[in-house]
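K.L.:
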Amino acid sequence: MAGKWDYSLISRIQQANDIVDVISEHMNLDKKGKEMVGLCPFHTDHKPSLYVNPDKQIFKCFACGAGGDVLKFVQMKENLTFPQAVERLAHRAGIAIEPTRRQQGASQGDQLDPAIVEKLNTWALKQWTANLWDAQKGAAAREYLAGRHIKEEMAKKWQLGLAIDAWDDLTKQAVEKKIANKYLIQGGLAVEKDRGGCYDKFRNRLMFPIFDVTGRVIGFGGRTLGDDPAKYMNSPATALFDKSNSLYGLYQAREAISLSGTAIVAEGYTDVMMAHQFGIENVVAALGTSLTDGHVKILRRYAKRIVLLFDSDVAGKAAANRALEVCLGQKIDVRLAFVPEGKDPCDYLLEAGADAFRKVIEASEDVLEFKWKVLSEQLQDGRNLSDRTEAIRRFLQTAAGAFEARQMDSISRAVVVARLSELLGISSSRIEEEITTIQKQKRRAQRSRENVTEQGVQVADESIDLASKSQCEILEVLLERPGCFEEIADRVSVSDFGPDQRLTELAEAVFGVLSETGGLRVSQVYARIQSPRTATLLTHLQTVVEQKENLYNQLEGALAMLEKQRCDNRIQKLKQHLDDDDELKKIHQQIARKGRNLRNAGLY
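Numbered according to numbering that gives the first Met the number 0, the sequence shown spans residues 0 to 603.
1) Looking at the structure shown, is residue 9 part of a helix, part of a strand, or coil, going by DSSP?
2) Quick check: what's the CA-CA separation for residue 609 versus residue 484?
3) So, do the segment 537–552 and the segment 560–567 have three or more beta carbon pairs nearer to each other than 8 angstroms?
4) Counting along the chain, where does the beta strand (DSSP E) carrying residue 690 start and finish?
5) Please state whether the Cβ-Cβ distance between residue 306 and residue 351 is less than 8 angstroms.
6) Quick one: grab the DSSP three-state call for residue 288.
7) Using only the alpha-carbon positions, how far apart do residue 249 and residue 55 sit?
8) Throw me the rounded Cβ distance for the residue 221 and residue 231 pair, which I believe falls under 8 angstroms.
9) Is the distance from the Cβ of residue 117 to the Cβ of residue 215 below 8 angstroms?
10) Quick one: Cα of residue 227 to Cα of residue 295, how far?
11) Pick from 75, 275, 12 and 114: whose alpha carbon is nearest that of residue 532?
12) Count the other CB atoms, across all protein chains shown, that sit within 10 Å of the CB of residue 470; report buried if there are 16 or more and exposed otherwise.
13) Please check if any C-beta of chain B sits within less than 8 angstroms of the C-beta of residue 83.
14) Can you list the alpha helix (DSSP H) stretches of 4 or more residues lying completely in the segment 484–563, in chain order?
15) Within 10 angstroms of the Cβ of residue 157, are there 16 or more other Cβ atoms? Answer buried if so, exposed if not.
16) Do you know offhand how far residue 89's Cα is from residue 212's?
17) Quick one: Cα of residue 6 to Cα of residue 517, how far?
18) Would the segment 141–161 and the segment 256–272 be scored as touching if the rule is three or more Cβ pairs under 8 angstroms?
19) Which residues in the same chain as residue 535 place their Cβ atom closer than 6 angstroms to its Cβ, once the five residues preceding and following it in sequence are excluded?
20) Buried or exposed for residue 71, please, with buried defined as at least 16 other CB atoms from any protein chain shown within 10 angstroms of its CB.
21) Using the three-state DSSP reduction, which class does residue 307 fall into: helix, strand or coil?
22) From 165, 357 and 345, pick the residue whose C-alpha is nearest to that of residue 259; which is it?
23) Of all the options 147, 126 and 245, which has the alpha carbon lying nearest to the alpha carbon of residue 291?
24) Going by DSSP, what residues sit across from residue 338 in a beta bridge?
25) Is residue 175 helix, strand or coil when you go by DSSP?
26) For residue 540, I'd like the list of residues in its chain whose CB is within less than 7 angstroms of its CB, leaving aside the five on either flank, ordered along the chain.
27) Could you check which residue in 375, 44 and 33 has the C-alpha nearest to that of residue 419?
28) Grouping DSSP H, G and I as helix and E and B as strand, with all else coil, what is residue 47?
29) Can you find the residues in the same chain that come closer than 7 angstroms, C-beta to C-beta, to residue 167, ignoring five residues on each side of it along the sequence?
30) Do residue 194 and residue 261 come within 8 angstroms of each other at the CB atom, strictly closer than that value?
31) Within a Cβ cutoff of 6 angstroms, which residues of the same chain sit near residue 490, ignoring the five residues on either side of it in sequence?
32) Looking at the structure shown, is residue 26 part of a helix, part of a strand, or coil, going by DSSP?
33) From the DSSP secondary-structure annotation, give me the bridge partner or partners of residue 113.
34) Could you spell out where the alpha helix (DSSP H) holding residue 180 opens and where it closes?
35) Under 7 angstroms: does the beta carbon of residue 203 sit that close to some heavy atom of the ligand ATP?
36) I'd like the ranges of any alpha helix (DSSP H) spanning at least 4 consecutive residues and lying wholly in the segment 360–395.
Below is the structure:
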């Protein structure tokens, strides 16, 4: 794709998408001096490691090394190709560009382009919304909404829709719009027939659109209006939608969650909508699945506390129990709230009102208090030794997770250990020993997982040879002192960079900008880089060179090292293909005339 881009257009797209605004759509940022900081989404981050520089319009994580401009952040965060990231941000800024095709070599079995999925979802939502507010088609669905006391203004604000009771309502309209069946199937809107063709996936269902934090329609949830045993149905996984990493209502609740510092996680779509209808807007829902690591990672960007809201029944308590380990592993304050009398939050709000609902949230229990009660009940109900031992083990694992997450100070820890010692008849030292063992096991497992590079990010200071170090130093100087380029243009070229592909791509970008403009802004370089790994290297070199002095001496040493490398390569080539002593002698004389010790040239 290199050489085919309108770099002035990409620069326009960069400038139209402020990096702080874009990153804030994906995570919570706090001001720290002249920069903004937050938890890095590209590795398991427990304290803010990602820094965003509003002046330079770049980001850098000082833990995993990820870095780049606004294009690279979107590319990495949303798992897009460079062309897709350009298109994504152009769309966000309202800049018209030609849609990009998939890269050559992509197999037909690849997932549908996210931009196409988004357009399909937006089109489908438009059809379903029209159905809901159609006088005849939507009558029964509107009656259902009225029965659930969901106001018309809320239904319109949340863009609810209706998939009518027909096998081909959406697919017939797709034919009229010349939308291919394969797109409907891959986008999760239709199901392929055994003998060819397709039929609507969602039928006779109230449709709840699911938005990401930027407002894109990424998927749908459908609530049956008939007797289908599958009460709720979600979109299948697509290039945009993964229910393990999506939350219903987050787009609408994000601001309230950030302001309050608390995210309330309910179980159903209508629970969320009713809470918002009553003015309690920091409520979201998991999509028909238990709370996952992905859900908690998302919420940690905006909240300091998560309140898990459940029905007061056995199923609710079991779900709460499963969610605790996930939350503790993500190191966030977790509390549990149970709606009284076994009601769901939607019905409770209608019956008791917003103030009573807020009191339920305010009365939420600390995770360990809840687990302590469960343990006490299990130890007192006369179970056999095996069950009692298993109950103790589970509580110790929860306690170890809380200690590891630093959710408990030393005094609270001592109190918990003392209470356990009294209840179990085991010494405090033995309990501490067991908790320490569990913590060590968890740390080993965590290190093992983190050995696999997350999101394709690699730390920029990988082990590289001396020639590569010299190449890095030349690029550093050109980034910091672009005026040097004219002086050295006849001594170095892009062909001198490699075999590391990051260095080759970066050299092409730097030399390209300098050759065409005579000057250099780092944003121009980022605009020409497609690989996130190369962008990470660029960010690293920028950081390194700011700490250096005597850049001209560094440049001369690095250039000398490259010249020596060229001579060594010529010697090796001549040894393999020539038998010309005179030519070898000339090369050695050329090296001797340099008059410097080259062994340390080009090093940091």
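Ideal Cβ positions, reconstructed from N, Cα and C, are used throughout, including at glycine.
Keep in mind it's a predicted model, so treat the numbers as computed, not measured.
P.N.:
In this structure, then:
1) DSSP places residue 9 within a helical segment (H, G or I) once states are collapsed to three.
2) Outside the modelled stretch of the chain, which goes from 0 to 603, sits residue 609, for which no answer is possible.
3) No: fewer than three Cβ pairs fall under 8 angstroms.
4) Given that the chain is displayed from residue 0 to residue 603, the structure contains no residue 690 and the question cannot be resolved.
5) Cβ atoms of residue 306 and residue 351: not closer than 8 angstroms.
6) In this structure, residue 288 counts as coil in the three-state DSSP scheme.
7) Cα to Cα, residue 249 sits roughly 30 angstroms from residue 55.
8) Indeed they touch by this definition, with Cβ atoms about 7 angstroms apart.
9) Pairing residue 117 with residue 215 gives a Cβ-Cβ distance under 8 angstroms.
10) As the crow flies, the alpha-carbon of residue 227 is around 31 angstroms from that of residue 295.
11) 75 is the residue among 75, 275, 12 and 114 whose C-alpha sits nearest the C-alpha of residue 532.
12) By the Cβ-count criterion, residue 470 is buried, with 16 or more other Cβ atoms from all chains shown falling within 10 Å of its own Cβ.
13) As a matter of chain content, chain B is missing from the structure shown, which is built from one protein chain.
14) Taking only runs of at least 4 residues, the alpha helix (DSSP H) segments lying wholly in the segment 484–563 are 484–487, 500–516, 521–526 and 531–544.
15) Counting C-beta atoms within 10 angstroms of its own C-beta, residue 157 has 16 or more neighbours from the protein chains shown and is therefore classed as buried.
16) Going by the C-alpha atoms only, they are around 17 angstroms apart.
17) In this structure, the alpha-carbon of residue 6 lies about 15 angstroms from that of residue 517.
18) A contact exists between the segment 141–161 and the segment 256–272.
19) Counting only Cβ-Cβ distances below 6 angstroms, and skipping sequence neighbours, we find 64, 65, 66 and 459.
20) So residue 71 counts as buried.
21) The three-state secondary structure of residue 307, taken from DSSP, is strand.
22) Looking at 165, 357 and 345, the one whose alpha-carbon comes closest to that of residue 259 is 357.
23) Ranking 147, 126 and 245 by CA distance to the CA of residue 291 puts 245 first.
24) Bridge pairing for residue 338: 310 [DSSP].
25) The answer is helix: DSSP assigns residue 175 an H, G or I state.
26) Cβ neighbours of residue 540 beyond the five flanking positions: 471, 474, 475 and 478.
27) With distances taken between Cα atoms, residue 419 lies closest to 375.
28) Coil at residue 47, not helix or strand.
29) For residue 167, the CB contacts under 7 angstroms within the same chain, skipping 5 residues up- and downstream, are 198 and 199 in chain order.
30) Annotated as distal: residue 261 and residue 194, with beta-carbon spacing of 8 angstroms or more.
31) For residue 490, where only same-chain residues beyond five positions count, the Cβ hits under 6 angstroms are 558.
32) Look at residue 26 here: in three-state DSSP terms it is coil, with no helix or strand label.
33) Answer by DSSP bridge pairing: none, since residue 113 is not bridged.
34) Here the alpha helix (DSSP H) through residue 180 covers 180–185.
35) With respect to the ligand ATP, the structure offers nothing, as it holds no ligand at all.
36) 366–379, all fully within the segment 360–395.
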